[in-house]
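Chemist:
Numbering (our numbering), first residue to last: 1 to 256.
#1: Based on the DSSP secondary-structure assignment, which residues constitute the bridge partners of residue 74?
#2: In chain order, what residues of the same chain have a beta carbon less than 6 Å from the beta carbon of residue 127, not counting five sequence neighbours either side?
#3: Using a threshold of 8 Å, state whether the C-beta atoms of residue 35 and residue 76 are closer than that.
#4: Given residue 159, which residues of its chain have a CB within under 8 Å of its CB, disregarding the five upstream and five downstream residues?
#5: Take residue 198 as the anchor and find which of 211, 98, 5 has the nearest alpha-carbon.
#6: Pick from 217, 203, 248, 253: whose alpha carbon is nearest that of residue 241?
#7: Check for me: the alpha helix (DSSP H) holding residue 217 runs from which residue to which?
#8: Please state whether the Cβ-Cβ distance between residue 129 and residue 87 is less than 8 Å.
#9: Determine the direct distance from the alpha carbon of residue 54 to that of residue 22, and round the result to whole angstroms.
#10: For residue 119, count neighbouring C-beta atoms within 10 Å of its own C-beta (all shown protein chains included) and say buried if the count is 16 or more, exposed if not.
#11: Whose C-alpha, out of 2, 102, 132, 11, is nearest the C-alpha of residue 80?
#12: Look at the alpha carbon of residue 105 and the alpha carbon of residue 14, and state the distance between them as a whole number of angstroms.
#13: Restricting to Cα atoms, I'd like to know which of 90, 141, 108, 249 is closest to residue 27.
#14: Please go through the same chain and pick out, in chain order, the residues whose beta-carbon is closer than 6 Å to the beta-carbon of residue 238, but skip the five residues on each side of it.
#15: Return the chain-ordered list of same chain residues with a C-beta closer than 6 Å to the C-beta of residue 201, the five sequence neighbours on each side being excluded.
#16: Could you spell out the range, first to last residue, of the alpha helix (DSSP H) harbouring residue 53?
#17: To which residues of the same chain is residue 146 closer than 8 Å at the C-beta, ignoring the five residues directly before and after it?
#18: Taking a contact to mean a Cβ-Cβ separation below 8 Å, would you say residue 142 touches residue 227 in this structure?
#19: By Cβ distance, which residues of its chain are closer than 6 Å to residue 183, with the 5 residues on each side in sequence left out?
#20: State the start and end residues of the unbroken alpha helix (DSSP H) segment that holds residue 181.
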């Protein structure tokens with residue numbers, strides 16, 4: 001876009017992007033200091049000790065067993081005001097992004113922002129706003145706001161890039177995982193075919209076919225050997241009985 005108004009909207013969006021990250025961090029920090037919803041939240045503006053607010057009425061004898069984090073609690077009234085102010089800042093950011101996209105980029109069929117993340121962030125902010133108002137009126141013992149804060153965190157631009165990178169990596173990961181699973185199944189089948197009928201014991205008195213008595217047993221053995229450091233321990237009974245079996249495990253080792 002060459003319109004000067006587009007530059008103005010772009011700069012506004014970029015300025016709010018810095019505030020957005022800090023505002024989301026503030027919401028998460030607030031979770032450590034706000035009074036939990038299951039505690040006594042009737043006194044909205046008094047700084048009380050956490051143990052005096054958070055008591056288990058159903059089990060008064062073991063009330064002392066309720067351990068808190070030891071951090072001071074911000075009264076519910078102040079925490080709700082802080083949460084509302086932060087959400088207004090966040091809403092200004094998602095609104096600026098939406099305006100920038102719809103006004104200047106949609107007409108060129110260009111996705112400057114991820115519309116799905118923008119929609120998710122807007123929806124999360126509306127849920128938090130509803131939750132704040134509802135909690136201020138009726139002090140119930142549950143809230144949706146903590147879950148929506150996670151959504152807002154995932155909508156952060158840098159985490160957007162990380163999530164997109166993870167999604168693009170899934171295909172490569174599946175190809176490697178399928179090769180690994182196929183290798184485990186193949187060598188489990190080979191091993192159970194070779195050792196299923198071997199009932200002798202090695203010099204240390206261990207059964208030679210330990211871990212290979214059935215296909216399920218061999219599958220578990222191969223899984224552990226390929227994913228942990230027990231590779232030697234799983235194959236040691238067969239190797240001590242006959243060094244020739246080491247060729248099979250050496251071939252297996254190259255694939256694992």
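Here a beta-carbon is modelled for each residue, glycine too, at the ideal position from N, C-alpha and C.
Since the structure is predicted, the reported quantities are computational estimates derived from the model, not experimental observations.
Modeler: Taking the definition as stated:
#1: By DSSP's assignment, residue 74 forms a beta bridge with 34.
#2: In the same chain as residue 127, and ignoring 5 residues on each side of it, the C-beta atoms closer than 6 Å to its own belong to 144, 148, in chain order.
#3: Result yes, Cβ atoms of residue 35 and residue 76 sit closer than 8 Å.
#4: Counting only Cβ-Cβ distances below 8 Å, and skipping sequence neighbours, we find 153.
#5: Selected option, being the one with the closest Cα: 211.
#6: Closest option to residue 241, Cα to Cα, is 203.
#7: Under the DSSP assignment, residue 217 falls in the alpha helix (DSSP H) whose first and last residues are 215–227.
#8: Yes.
#9: Near 29 Å, if we compare the C-alpha coordinates of residue 54 and residue 22.
#10: So residue 119 ends up on the exposed side.
#11: It is 132 whose Cα lies nearest to the Cα of residue 80.
#12: Approximately 16 Å between the Cα atoms of the pair.
#13: Cα-wise, what sits closest to residue 27 is 90.
#14: Contacts found: 208, 245.
#15: Here the set comprises 207.
#16: For residue 53, the enclosing alpha helix (DSSP H) covers residues 50–53.
#17: Sequence-distant Cβ neighbours of residue 146 in its own chain, meaning closer than 8 Å and more than five residues away, are 31.
#18: At the C-beta level, residue 142 and residue 227 stay beyond 8 Å of one another.
#19: Excluding positions up to five away in sequence, the list reads 255.
#20: From DSSP, the alpha helix (DSSP H) with residue 181 extends over 157–195.
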